[in-house]
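In what follows, a single structure is set out as structure tokens and then discussed.
Numbering (full-length UniProt numbering), first residue to last: 1 to 64.
This is the structure we're talking about:
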């Protein structure tokens with residue numbers, strides 16, 4: 001998802017998206033702990049996407 005697409009979402013949608021991505025990250029970490037996942041870069045991408053969502057959420061909250 002591009003930054004412009006994230007910026008077009010409302011605050012509540014971003015919060016929901018953060019929660020969903022955090023659940024996905026938890027699942028990836030558990031799967032990787034049990035047996036190495038095929039592409040461990042997915043964990044890194046997921047963490048960065050969550051950070052991007054949180055950054056844009058903070059920007060929206062400050063702009064209020």
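The beta carbon of each residue, even a glycine, is placed where N, CA and C say it ideally should be.
Proximal residues to residue 42 (C-beta, below 8 Å), its chain only, five neighbours per side dropped: 28
Any C-beta of chain D under 9 Å from that of residue 27: Absent from the structure is chain D; it holds one protein chain and no more.
Separation of residue 26 from residue 7, as counted between CA atoms: 25 Å
Cβ separation of residue 56 and residue 21, assumed to be a contact under 8 Å, to the nearest whole Å: That belief does not hold up - the Cβ atoms of residue 56 and residue 21 are roughly 13 Å apart, past 8 Å.
Within the region 25 to 64, ranges of the alpha helix (DSSP H) (whole runs, at least 4 residues): 41 to 63
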